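Quick notes on the structure that follows.
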């Protein structure tokens with residue numbers, strides 16, 4: 645499995661745990677969904693940044 649895939653699986657587990665914790669403290673579901681989408685976007689950006697290959701020098 646690629647590093648990118650592992651990074652995204654970890655991010656999904658993290659977001660799921662945070663969403664569950666927010667649900668337990670009775671945060672409105674619209675805010676849980678909004679936070680999950682924002683975190684998913686940030687995690688995708690982080691995964692791409694950390695796993696991309698550098699361009700070879702010209």
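Residue numbers (my numbering): 645 to 702. Cβ atoms here follow ideal geometry from the backbone N, Cα and C, with glycine treated the same way. Source: prediction; values computed, not measured.
Here residue 664 has no same chain residue with a Cβ atom under 8 Å from its own Cβ, once five neighbours each way along the sequence are excluded. Contact between the region 687-696 and the region 664-677 is absent, with fewer than three C-beta pairs closer than 8 Å. With distances taken between CA atoms, residue 652 lies nearest to 687 out of 687, 699, 700. Sequence-distant partners of residue 647 (beyond 5 residues in either direction) whose C-beta falls short of 6 Å from its own C-beta, in its chain, are 695.
For residue 673, the uninterrupted alpha helix (DSSP H) run begins and ends at 673-695, by DSSP.
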